[in-house]
Amino acid sequence: MSPNDHEPTDDGADRDGSGRYRPDGGPRSRLADGGTALGRAEDAEIERGPFSRWVDRSIQNPQRVYRAMFYVAAIFFLFTTLFPFYWLLMVALTPEGQLQDIVFTPNGFNPGAFVEVFQTLPFHWYMFNSFVIATASTVLVLVVASLAGYAFGRLEFPGKTPMMLLVLLVSFFPPAAFFIPLNDLFNTPVSVLEPVMSDGTLYNTPGAMVMPISAIFMPLAIFILTTFYAQIPDGLEDAARVEGTTRLGALFRVIIPLSAPGVATAGVLTFIAVYNEFFFSFLMTDGQPENWAPILEGILGYQGQYEILFNLMAASSIIGVLPVAILVIVAQEKIVSGLTAGALKE
Amino acid sequence: MVPDRCERTTSLGVSRRSFVAAASAVGAGGIAGCLGRGAEEGAVVAYGDTDFQDIMDPEGELHQALWDAGLDEDITVSVRTGPDETEQRRSAAQSALQAERSQPDLFMMDSGWTIPFILREQTVNLEDRLSNETLGLIENEYLEAAVETARHPETGELHALPLFPDFGTMQYREDLAEDAGYDTEDWGTEPMSWQEFSEVAADVRADSGVDFGFTTQAAAYEGLACCTFNEVISTWGGAYFGGLDELFEAGGREVTVDEEPVLDAIRMMRTFVRGQDDEHALEGYEQIAPTAIVQYTEEDARGPFAGGNVVMHRNWPYSIAIAHDDGMGDQVGMMPMPYGVEEDEAAYDGLGGTAAALGGWHLTLNPASENQEEATQVLEAFATEEVMLTVFEVQGWIPPIVELLEDVDPEEIGPVAEYAETIEIAGENAVPRPVTDIWPEQSAHIYQEVNAAYRGVKSPEEAMADLADRLEASEADVGEQDVQ
Amino acid sequence: MSSDTDAAIGGETPERERTGNAVVNWMEGLSEAAYAYLLLIPSFLLLAFIAFYPLLMTFVMSLQEDRTRGGETLGGFVGVENYVDVLTGDVRLAQQFMDVSLSGAFPFVEFGVPLLQQALFVTLGFAVISVFFETVFGFGQALILDQEFRGRRWVRVAIILPWAVPIVIQGMIFFLLFQPEVGFGTDLMQWLGLFGPNPLADSQDAFVIVLVADIWKSTAFMALLILAGLQSVDRSLYDVAKVAGASPWKRFKLITLPLILPALLVAMLFRTMDAMRVYGLIESSVGCTTVPSLTCMVVEAMFGGTRIFGTAAAVAFLTALVIGLFISVYIVLFRDTEAGFY
């Protein structure tokens with residue numbers, strides 16, 4: 001540390017003008033001569049190395065430290081989150097059979113992999129399926145969970161705690177625990193469906209995936225929305241009600257817009273989770289793109305019985321991530337539209 | 001006309017009404033799904049892998065051969081696929097048959113997991129369906145080991161039609177061996193001992209400067225238990241359950257994994273990996289394999305071979321077909337699996353000498369299928385020599401009547417035919433895995449313990465003693481099951 | 001707004017509007033409790049159909065005997081025998097739920113099989129360690145994203161991107177990174193002296209690999225939720241605090257932390273539950289054989305090729321029990337938050 005620990009002063013003004021005291025009264029200099037020769041901070045700089053200078057400047061101006069920390073942290077996070085993607089890109093660009101020693105550059109250069117992805121399998125079809133299923137699930141989850149979130153977050157009623165625990169209970173179980181009964185259920189012919197589906201079952205329909213997946217991700221959405229809806233002060237809702245909004249209207253027109261960060265987050269999380277979901281999708285369709293097989297079936301389709309086309313898997317996953325990235329770009333505007341300052345005048 | 005409040009926009013900038021309408025359309029469409037997608041009239045649906053789908057192209061040679069062999073011209077076969085990996089195909093088949101779905105009509109089943117489906121009554125007894133002629137052909141000409149994996153273990157009835165068998169083979173760099181001064185002429189038909197094998201591999205590696213002498217699959221996965229380890233212990237005369245007699249009926253079998261032949265096999269593999277430094281090394285064997293083999297499955301092990309960096313490589317024949325495609329055809333050869341003890345010195349009948357793991361795939365009929373007549377006709381058509389040869393021609397799958405390979409012309413039909421003699425030897429010495437309704441669990445015990453022994457985490461004796469305990473427990477357990 | 005409502009209720013509205021109003025009026029008239037139940041009907045209906053009913057069926061399965069052969073899927077009723085068998089290790093699975101026995105001497109428990117080969121301990125360790133790091137890093141990321149700076153939008157997308165990667169790909173990336181010839185991970189870690197030569201086959205090394213892979217991806221989940229919480233804090237509170245002379249740390253401790261605590265707890269709660277159900281990541285990177293988790297056991301029992309559905313169901317319920325017990329800590333914490341759930 002610098003031999004001159006001292007609080008920053010704006011123009012060197014000090015208690016008794018001698019430069020020996022800190023603004024809070026403590027002694028300033030610990031130099032051998034007591035600071036008579038080198039009384040002020042600026043004069044002492046000649047004796048400090050660059051590190052000491054930096055520390056000195058930092059103490060004078062904490063904002064700089066925070067900024068520096070900010071940049072360091074930001075760069076650290078950016079690097080750690082993006083490097084695996086970069087590496088994935090390198091794998092995608094490496095031609096088949098040359099997947100060795102990939103560090104920072106691909107081993108060979110084969111951008112054709114991104115085209116080959118569509119030639120080997122109708123990958124765009126899988127992406128479309130995933131997109132539809134994810135959208136349908138997200139809409140279903142957001143609507144249903146909003147109603148539940150409002151009830152749990154803003155209303156009092158008997159049995160609230162047990163019911164919340166019951167919802168949470170669903171998340172205790174691995175998805176496999178639901179599978180066997182659901183498999184039977186969705187393969188049981190239901191006469192109502194027979195005009196629509198030739199064998200009267202839900203197998204190979206989007207419904208066979210949208211419903212279980214929505215149920216699996218419902219608890220998270222309910223809890224997120226409960227948290228955010230509960231934080232909206234009653235005053236705002238009461239004001240809207242006074243002006244004649246219905247109860248439901250209050251939910252959709254006041255609570256939800258004000259909880260935009262929470263709702264958008266729940267939506268983004270649900271969409272991403274469903275888009276990338278594997279378990280039910282694998283087991284509820286027969287894997288054909290025309291039978292609503294989702295994107296994971298497509299990516300796994302690049303695995304042969306023994307050989308695995310890693311470059312195509314990598315390329316297809318990069319392509320597959322694009323719609324999600326776009327969604328995140330769009331939705332993140334909502335995530336950061338916080339409470340408008342001044343909305344609450346209490 | 002429409003009250004204002006319906007026009008009020010949501011924060012998304014979309015009119016609420018149209019948004020709700022669109023969402024419910026997507027939702028309803030999403031939930032109800034589209035019109036049914038049944039197969040067209042006269043189509044038999046099969047569930048297979050992408051290779052099967054490719055060769056079953058309606059315009060292709062195979063369909064023509066099927067029709068020529070007597071299949072009704074109105075009937076076509078359309079193949080559905082999923083992920084190609086064998087475990088996932090088994091899962092998909094199991095969940096489809098569990099739910100009693102009527103389609104697919106035919107399933108491609110790995111010969112290594114057909115019997116559990118037979119035991120669970122998820123297949124059809126083909127003795128009642130196929131013609132006497134076909135049944136005779138299967139009984140007399142088809143590779144016996146393959147047919148055994150298609151029969152009901154207790155009644156002996158045929159429940160699956162073997163589509164093609166597959167054998168573990170030892171592939172090697174003929175050119176490098178010749179350069180090092182070896183005469184490889186007999187290598188294709190005369191198995192050598194493991195000791196000689198290790199010396200040759202080490203010698204050729206030193207001479208040619210390639211990275212490794214030998215790669216094989218030793219990762220902790222099914223392939224270790226069913227195939228590579230099974231091969232190795234068989235060549236030493238050892239077995240999991242006391243020989244080849246009780247392979248397919250679980251419950252109270254004698255467990256023989258802690259016997260000396262098995263231990264020797266493990267010691268040999270450890271020596272291959274770590275040389276004489278290993279505390280359980282076998283005298284006279286060289287260090288020829290990289291430590292990474294304990295993480296290798298088929299493709300991982302094939303990588304260095306395809307890259308020209310290995311002298312000897314154990315793998316299925318598909319690997320040599322790819323080598324030919326890559327232009328290495330002149331350089332690669334195939335030899336029968338080396339042996340540890342001679343046949344007459346083996347502890348159990350039928351073991352010792354060369355051995356090859358049995359793989360391959362069968363076709364089964366879905367009991368809930370609504371097209372059983374047509375599907376049976378398809379099976380009949382596959383059980384003809386012409387179709388078998390066509391399959392071999394277009395895909396390289398070995399015909400179930402292995403002798404057919406003798407008469408084919410490699411130029412015409414494909415590179416694997418070059419090795420017909422070696423493949424026949426492999427067929428004669430094929431060792432199936434002891435597949436029963438509890439094999440998956442037993443296989444997991446086996447590959448975990450063997451992999452631990454290979455890695456040096458446990459001694460061979462310790463690993464096999466632990467394994468014997470677990471296998472005995474599982475045999476006892478299943479025997480207690482009350483099945484009518 | 002009131003004028004619109006009046007116009008709607010008033011004269012020239014079509015038949016449909018009047019019917020709609022009848023429903024709306026009825027809803028307005030409900031008591032708070034009744035209205036709450038009404039709102040909860042859609043979610044509970046869906047959950048009942050898709051979740052509660054199947055779970056009930058699965059529970060019934062867990063009370064029945066396995067049947068590996070024969071046409072019948074399950075044998076007769078055996079009560080809790082399946083559960084006892086799983087806990088004592090007397091079950092037809094290759095992986096161990098747990099393998100401890102009591103010993104006379106300190107530390108009074110003996111582990112039959114190494115700790116990282118027992119599903120229960122792998123799962124608990126994984127959950128605790130991964131959630132800890134994800135919370136810390138997620139907090140850091142969220143704090144950064146909360147600031148105003150140029151290019152913030154792109155940094156936000158970049159940080160959230162790992163969450164958008166499918167689990168299979170996440171596993172594949174780390175698998176390839178540590179695959180001997182392909183990636184540099186093994187060489188790097190060996191050079192640092194942290195790993196052995198075959199990390200993908202060694203339980204301890206593989207456990208670390210799985211941890212890193214999960215932290216990479218799931219930090220984004222935490223960051224996203226914490227960020228939403230941060231963004232919901234009224235900025236004016238900070239201004240007031242600054243004027244009053246509070247230091248950044250004090251501002252954080254007294255304003256930020258209490259206000260985002262509910263969101264933070266929800267994030268940690270669900271992240272913990274997900275971590276305790278880890279399966280896909282393990283299977284696609286190092287394999288369930290090397291690093292067994294509780295869900296690995298469930299999947300092996302249910303889809304492993306033997307038909308031991310009774311055991312599989314019992315393992316599933318035991319897993320849920322473990323998870324439920326573990327997160328009861330969070331439930332107790334929830335009681336104290338500002339959101340005041342209870």
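In order, the protein sequences belong to chains A, B and C. Counted the way UniProt numbering counts, the first sequence spans residues 1 to 346. Counted the way UniProt numbering counts, the second sequence spans residues 1 to 484. Counted the way UniProt numbering counts, the third sequence spans residues 1 to 342. Backbone N, C-alpha and C fix where the C-beta goes; we use that ideal spot for every residue, glycine too. No experiment lies behind these values; they were computed from the predicted model shown.
Best match in C:Lys-250, C:Glu-148 and C:Ala-158 for proximity to Phe-85 (chain A) [C-alpha to C-alpha]: Within the first sequence, numbered from 1, the residue matching residue 85 (chain A) stands at position 85. If we check each option's Cα against that of Phe-85 (chain A), C:Ala-158 comes out closest.
Between the C-alpha atoms of Pro-304 (chain B) and His-313 (chain B), what's the straight-line distance to the nearest angstrom? Position 304 of the second sequence, counted from the start, is the residue given in the question as residue 304 (chain B). Position 313 of the second sequence, counted from the start, is the residue given in the question as residue 313 (chain B). C-alpha separation (whole angstroms): 9 Å.
To the nearest angstrom, how far is the alpha carbon of Phe-303 (chain C) from that of Lys-242 (chain C)? The residue given as residue 303 (chain C) occupies position 303 in the third sequence. The residue given as residue 242 (chain C) occupies position 242 in the third sequence. For Phe-303 (chain C) and Lys-242 (chain C), the gap between their C-alpha atoms comes out near 59 Å.
Reduced DSSP secondary structure (H/G/I, E/B, other) of Tyr-172 (chain B): Position 172 of the second sequence holds residue 172 (chain B). If DSSP states are grouped into helix, strand and coil, Tyr-172 (chain B) belongs with the strands.
How many Å lie between Ala-34 (chain C) and Gly-267 (chain A) at the Cα? Start at 1 with the first residue of the third sequence, and residue 34 (chain C) comes out as number 34. Start at 1 with the first residue of the first sequence, and residue 267 (chain A) comes out as number 267. Note on geometry: alpha-carbon atoms of Ala-34 (chain C) and Gly-267 (chain A) lie some 28 Å from one another.
For Pro-290 (chain B), collect the residues of the same chain with a Cβ closer than 6 Å to its Cβ; drop the 5 residues on either side in sequence, then sort them by chain order. Along the second sequence, read from residue 1 onward, the residue named residue 290 (chain B) stands at position 290. Shown here for Pro-290 (chain B): same chain residues with a beta carbon closer than 6 Å to its own, the five before and five after excluded, namely Phe-212 in chain order.
Ala-46 (chain B) in three-state terms, based on DSSP: Translated into positions along the second sequence, residue 46 (chain B) becomes position 46. In the three-state scheme derived from DSSP, where H, G and I count as helix and E and B as strand, Ala-46 (chain B) is classed as strand.
With Ala-292 (chain B) and Pro-180 (chain C) assumed to form a contact (beta carbons below 8 Å), what rounded beta-carbon distance in angstroms separates them? Residue 292 (chain B) sits at position 292 when you count from the first residue of the second sequence. Residue 180 (chain C) sits at position 180 when you count from the first residue of the third sequence. Sure, about 4 Å apart at Cβ, within 8 Å.
Whether Leu-351 (chain B) touches Ser-234 (chain B) by CB criterion (7 Å): As a first step, residue 351 (chain B) is located in the second sequence; it is residue number 351 there, counting from the start. As a first step, residue 234 (chain B) is located in the second sequence; it is residue number 234 there, counting from the start. Against a cut-off of 7 Å, the Cβ pair of Ser-234 (chain B) and Leu-351 (chain B) comes out as a contact.
Using the DSSP secondary-structure output, state which residues sit across from Asn-25 (chain C) in a beta bridge. On the third sequence, residue 25 (chain C) is found 25 positions in, with the first residue counted as 1. Paired residue(s): none; Asn-25 (chain C) is not in a bridge.
is_contact[Gly-82 (chain B), chain A] using C-beta, thresh 7 Å: Position 82 of the second sequence holds residue 82 (chain B). True, the Cβ-Cβ gap to chain A drops below 7 Å.
By Cβ distance below 8 Å, which residues in the same chain neighbour Gly-79 (chain C) in space, the five residues on each side in sequence not counted? Within the third sequence, the letter at position 79 stands for residue 79 (chain C). Residues Leu-63 of the same chain have their beta carbon placed closer than 8 Å to that of Gly-79 (chain C), with the five preceding and five following residues left out of the count.
Taking 7 Å as the CB-CB limit, is Ser-95 (chain B) close to chain A? Taking the first residue of the second sequence as 1, we reach residue 95 (chain B) at position 95. Interface residue, yes.
Can you confirm whether the region 56–69 of chain B touches the region 379–389 of chain B when touching is taken to mean that 3 or more C-beta pairs between the two stretches lie within less than 8 Å? A contact exists between the region 379–389 of chain B and the region 56–69 of chain B.
Can you give me, in chain order, the residues of the region 173–203 of chain C that have a beta carbon less than 8 Å from any beta carbon in chain B? Hits within the stretch, in order: Gln-179, Pro-180, Glu-181, Pro-197, Asn-198, Leu-200, Ala-201 and Asp-202.
Output yes or no for whether 7 Å exceeds the beta carbon distance between Ala-92 (chain A) and Ala-325 (chain A). Here residue 92 (chain A) is taken as the residue at index 92 of the first sequence, counted from 1. Here residue 325 (chain A) is taken as the residue at index 325 of the first sequence, counted from 1. No, Cβ-Cβ distance for Ala-92 (chain A) and Ala-325 (chain A) is not below 7 Å.
Interface residues of chain A around Gln-147 (chain C) at Cβ under 8 Å? What you label residue 147 (chain C) is simply residue 147 of the third sequence in a count that begins at 1. Phe-70, listed in chain order.
With 16 as the cutoff for other CB atoms within 10 Å, does Phe-173 (chain A) come out buried or exposed? Counting from one through the first sequence, the residue named residue 173 (chain A) turns up at place 173. Burial is judged here by how many other beta carbons sit within 10 angstroms of a residue's own beta carbon; Phe-173 (chain A) has at least 16 and is buried.
Who are the near neighbours of Leu-135 (chain C) in its chain, counting only those whose CB is closer than 7 Å to its CB and skipping five residues on each side? Mapped onto the third sequence, residue 135 (chain C) falls at position 135. Inspection of the sequence shows that residue 135 (chain C) is occupied by Thr rather than by Leu. Excluding sequence neighbours, Thr-135 (chain C) sits near Met-222 and Met-268.
I'd like the ranges of any beta strand (DSSP E) spanning at least 3 consecutive residues and lying wholly in the region 295–358 of chain B. Runs of the beta strand (DSSP E) inside the region 295–358 of chain B: 310–315 and 332–335.
Alpha-carbon to alpha-carbon, Val-233 (chain C) and Ala-74 (chain A): Mapped onto the first sequence, residue 74 (chain A) falls at position 74. Mapped onto the third sequence, residue 233 (chain C) falls at position 233. Straight-line spacing of the CA atoms in Ala-74 (chain A) and Val-233 (chain C) works out to 22 Å.
Leaving out five residues on either side along the sequence, give the residues of the same chain with a beta carbon under 7 Å from the beta carbon of Gln-100 (chain A). Sequence index remark: in the first sequence, residue 100 (chain A) carries index 100 (1-based). Closer than 7 Å at the Cβ level, and outside the excluded window around Gln-100 (chain A), lie Asn-107.
Chain B within 7 Å of Asp-234 (chain A), Cβ atoms only: For this step, residue 234 (chain A) is matched to residue 234 along the first sequence. By the rule that beta-carbons nearer than 7 Å mark a contact, Asp-234 (chain A) does not touch chain B.
Among B:Glu-428, B:Glu-421 and B:Thr-390, which residue has its Cα nearest to the Cα of Glu-412 (chain B)? On the second sequence, residue 412 (chain B) is found 412 positions in, with the first residue counted as 1. The shortest C-alpha separation from Glu-412 (chain B) is found at B:Thr-390.
Taking buried to mean at least 16 other C-beta atoms within 10 Å of its own C-beta, is His-445 (chain B) buried or exposed? In the second sequence, the residue the question calls residue 445 (chain B) occupies position 445. So His-445 (chain B) counts as buried.
For Asn-429 (chain B), which residues from the same chain have a beta carbon less than 6 Å from its beta carbon, with the 5 sequence-adjacent residues on both sides left out? The residue labelled residue 429 (chain B) in the question sits at position 429 within the second sequence. Contacts found: Thr-354, Ala-355 and Ala-356.
Do Arg-277 (chain C) and Asp-477 (chain B) have their C-beta atoms closer together than 7 Å? Here the question's residue 277 (chain C) lines up with position 277 in the third sequence. Here the question's residue 477 (chain B) lines up with position 477 in the second sequence. No, they are not a contact pair.
Spell out whether any CB of chain B is found under 7 Å from the CB atom of Thr-68 (chain C). For the purposes of this step, residue 68 (chain C) is identified with residue 68 of the third sequence, where counting begins at 1. Interface criterion met: the Cβ of Thr-68 (chain C) is under 7 Å from a Cβ in chain B.
By Cβ distance, which residues of its chain are closer than 8 Å to Val-109 (chain C), with the 5 residues on each side in sequence left out? Taking the first residue of the third sequence as position 1, residue 109 (chain C) is located at position 109. By the criterion of a C-beta distance shorter than 8 Å, Val-109 (chain C) is surrounded in its chain by Val-100, Ser-101, Leu-102 and Ser-103, once the five residues flanking it on both sides are discounted.
Since Leu-224 (chain C) and Leu-225 (chain A) should fall inside the 8 Å C-beta cutoff, what is the C-beta to C-beta distance between them, to a whole number of angstroms? Mapped onto the third sequence, residue 224 (chain C) falls at position 224. Mapped onto the first sequence, residue 225 (chain A) falls at position 225. The Cβ separation is near 15 Å, so there is no contact.
DSSP three-state call for Thr-123 (chain B): helix, strand or coil? Stepping through the second sequence from its first residue, residue 123 (chain B) is reached at position 123. DSSP places Thr-123 (chain B) outside both helix and strand once states are collapsed to three, so it counts as coil.
Where Pro-219 (chain A) sits in the DSSP three-state scheme: Looking up residue 219 (chain A) in the first sequence gives position 219. In the structure shown, Pro-219 (chain A) sits in a helix (DSSP, three-state: H, G or I).
Once DSSP output is grouped into helix, strand and coil, what is the label at Ala-267 (chain C)? To locate residue 267 (chain C), count along the third sequence from 1; it is residue 267. In the displayed model, Ala-267 (chain C) falls within a helix according to three-state DSSP.
Check the Cβ-Cβ distances between Ala-316 (chain C) and every residue of chain A, and say whether any is below 7 Å. Mapped onto the third sequence, residue 316 (chain C) falls at position 316. Output row for Ala-316 (chain C): interface = yes.
Take every Cβ of the region 105–118 of chain B, pair it with every Cβ of the region 140–159 of chain B, and state whether three or more of those distances are shorter than 8 Å. Three or more beta-carbon pairs drawn from the region 105–118 of chain B and the region 140–159 of chain B are found closer than 8 Å, and the two stretches are therefore classed as touching.
Here's the rule: buried if 16 or more other CB atoms are within 10 angstroms of the residue's CB, otherwise exposed. What is His-362 (chain B)? Mapped onto the second sequence, residue 362 (chain B) falls at position 362. Buried: at least 16 other Cβ atoms inside 10 Å.
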